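Encoded as structure tokens, the structure appears first; notes follow it.
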Amino acid sequence: LSIDGVLLLIRKVTKLLRGEPNVLDLRAPIKLFGDLHGQFYDLVNLLEHSGYPPSNKCLFLGDYVDRGMFGTETVLYLLSLKLTYPTSIWMIRGNHESRQITKNFNFRQEVLVKYGLEVYDALMLCFDALPLAATVTTKFGVFFCVHGGIGPDTMLLEDIDEIDRFHEVNYHGPIGSLLWSDPINPEEYPSMTHTELEEFFFLPNEGRGGVGWLFGVRATKTFLAKNDLISIVRGHEVQQSGIAEHCFGSDSNDFPLCITIFSAPNYCEMYGNQAAYLILTMTEMDYEVVSEVPHPYILPNYMNAIQFSVPYVAEFLARLSFQLLNKLMCDGGREQELEEDPDVEAMFENSRKLVLELAKQRSRRLELMSNPLIKKLDEETGEDELERFRLAKKLDRRNETPTPSRGGVNARRVKSSIL
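Printed below as a string of structure tokens:
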């Protein structure tokens, strides 16, 4: 696509998105997809399995970009589908659809290399226009669909609909709650008793630097009851099988109060996880699990082959020139005379420094091509897929934390009385 064509597409879809409400009102049948993270070839594979619009309605829950190397292709493809079939495909905002996060990760650099700053700025304005959530109505209940989760400031759908969403994501406040929050995982809080897990509402999400909230079973039940909903469907967290049903350590729920979908298989090319999408009909809920597919290799920092090869060729030529110069001096029998010449001595020293610097550049580029986390996973987990997934999640946790943190907030709990 030309730059002009891309800009026209983005601006047309931005205008379309600005006309949609904060909370989309959708009806089954529909397919729900979680994080894609720039894995374009896996997105195409998912749609091959699920069916393309307009024959199948699709809702995407955010995080279209970053981490993967094809974020530009992923988001432009989705925008093309949205423009072509506006009543068959919907997109809501994820925490990665922001200027700060795309700058911290790789999407900004990717767009600048492929299309330039004007396209990047246009995409950020488009992300500002994405709706924040959706409801999907079936005959057995209404689902609340969001990227991250809920917080004490997003307990009513009417309040979410009143948010001014057309700006950069704030880490604090209701948009941060919707895009950054997670359901509590009892395994990560072994010191909490069963009663405590059942009773608490919210904790600051310290696993993500205090941005967003951890929400528990009482907060979830309260939110669902207040809004006449049956379950929360969200993305935001990688899952080994692509999907997880959250019971919050309780056995008293006949239907999952919260469901996580993750649609980027083998996330970051090291997790070894499956992808999944949720299938909602008017009378049933089901899901399908999909494996990864191959994709083209991209050189580090989106360099082309010539750029990447320059230090190797330059180092070879510098070494060759150095050796030829040395041989000419020796063959001429003028070693002593030339060694005493300060210009020749300086030339030799500069040549040696150049060779060493080029060797360092080559070494740095070789390091870029190897992922130390993947090497560590291979060494420590072998063929154990479950252990590999757990270790990958642990090693990658710091990358899932935004730069700022919720200043001055300790691990306090939010009591039900404020809701």
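All residue numbers for the sequence shown refer to this note's numbering, where the first residue is 8 and numbers rise by one. Even for Gly, the Cβ is constructed at its ideal location relative to N, Cα and C. Model, not experiment: these values are computed from the prediction.
Have a look at L185, A251, M199 and flag the residue whose alpha-carbon is nearest the alpha-carbon of F230. Of the candidates L185, A251, M199, L185 places its Cα closest to the Cα of F230.
Using three-state DSSP, classify L345 as helix, strand or coil. Confidence at L345 is low in this model, with a pLDDT of 49, below 50, so its placement is unreliable and the value that follows should be read with caution. DSSP places L345 in helix when its eight states are reduced to three.
Is P411 buried or exposed, if buried means 16 or more other CB atoms sit within 10 Å of its CB? Low confidence applies here, because P411 scores a pLDDT of 43, under 50, leaving its location unreliable; read the following figure in that light. Exposed: under 16 other Cβ atoms inside 10 Å.
At which residues does the beta strand (DSSP E) containing I239 begin and terminate? 238-241
What residues match up with T145 in a beta bridge as DSSP calls it? G148
Can you look up R100 in the DSSP assignment and give me helix, strand or coil? coil
Pick out whichever of I157, N308, T81, K22 has its Cα sitting closest to the Cα of G180. I157
Considering only DSSP beta bridges, list what R34 is partnered with. T144
Using a Cβ-Cβ cut-off of 8 Å (strictly less than) and excluding sequence neighbours within five positions of V126, which residues of its own chain qualify? Excluding residues within five positions, the ones whose Cβ falls inside 8 Å are I10, V13, L14, I17, V118.
I need the boundaries of the alpha helix (DSSP H) containing L88, first residue and last residue. That run of the alpha helix (DSSP H) goes 78-91.
Measuring alpha carbon to alpha carbon, tell me which of L139, W97, L90 ends up nearest S105. Cα-wise, what sits closest to S105 is L139.
For M289, which beta-bridge partners are listed by DSSP? According to DSSP, M289 bridges with nothing at all.
Note down the Cα distance separating S95 from N52, rounded to an integer number of angstroms. 18 Å
Whose C-alpha, out of L50, L31, T81, L33, is nearest the C-alpha of Y284? Here the closest residue by C-alpha is L50.
How about T142 and L33: do their beta carbons lie closer than 8 Å? It is a contact, given that the beta carbons lie within the stated cut-off.
Residues near I239 in its chain [Cβ-Cβ closer than 6 Å; skip 5 each side]: F151, C265
In angstroms with no decimal places, state the Cα-to-Cα distance between V20 and L287. 26 Å
What span of residues does the alpha helix (DSSP H) with H154 cover, start to end? That residue, H154, is in no alpha helix (DSSP H); it is neither H nor E in DSSP.
In its own chain, which residues sit with a C-beta less than 7 Å from the C-beta of A273, not counting the 5 before and 5 after it? In the sequence as displayed, the identity of residue 273 is Asn instead of Ala. In chain order, G279, N280, E299 place their CB closer than 7 Å to the CB of N273, counting only its own chain and leaving out the 5 sequence neighbours on each side.
Rounded to whole angstroms, what is the Cα-Cα separation between L54 and V153? 20 Å
Residue nearest to V30 in terms of C-alpha spacing, selected from G58, W97, A399, A271: W97
Three-way DSSP call (helix, strand, coil) for D49 in this model: helix
With a 10 Å radius around its C-beta and 16 neighbouring C-beta atoms as the bar for buried, classify Y102 as buried or exposed. It is worth fixing the name first, because residue 102 is Asn in this sequence and not Tyr. Under a 10 Å Cβ-count criterion, N102 is classified as buried, with 16 or more other Cβ atoms of the shown protein chains found around its own Cβ.
Between which residues of its own chain and K22 is the CB-CB distance below 6 Å, once the five residues before and five after are set aside? Sequence-distant Cβ neighbours of K22 in its own chain, meaning closer than 6 Å and more than five residues away, do not exist here.
Nearest-angstrom Cα distance between D313 and L306? This sequence places Ile at residue 313; Asp is not what is there. Rounded to whole angstroms, I313 to L306 spans 11 Å at the Cα level.
With T227 as the anchor, note down where its beta strand (DSSP E) starts and where it stops. For T227, no beta strand (DSSP E) run applies; the uninterrupted alpha helix (DSSP H) run containing it begins and ends at 224-233, by DSSP.
Hey, how far is the Cα of E175 from the Cα of S87? 23 Å
Indicate the three-state DSSP secondary structure (helix, strand or coil) for Y304 in the structure shown. coil
What do you reckon, are the CB atoms on F40 and G78 nearer than 8 Å? no
Three-state secondary structure (DSSP) at I170? coil
So, for G26: in the same chain, excluding its five sequence neighbours on each side, which residues have a beta-carbon less than 7 Å away from its beta-carbon? Excluding positions up to five away in sequence, the list is empty.
Cα separation between E427 and G242? Here the chain comprises residues numbered 8 to 426, so residue 427 is not present and cannot be evaluated.
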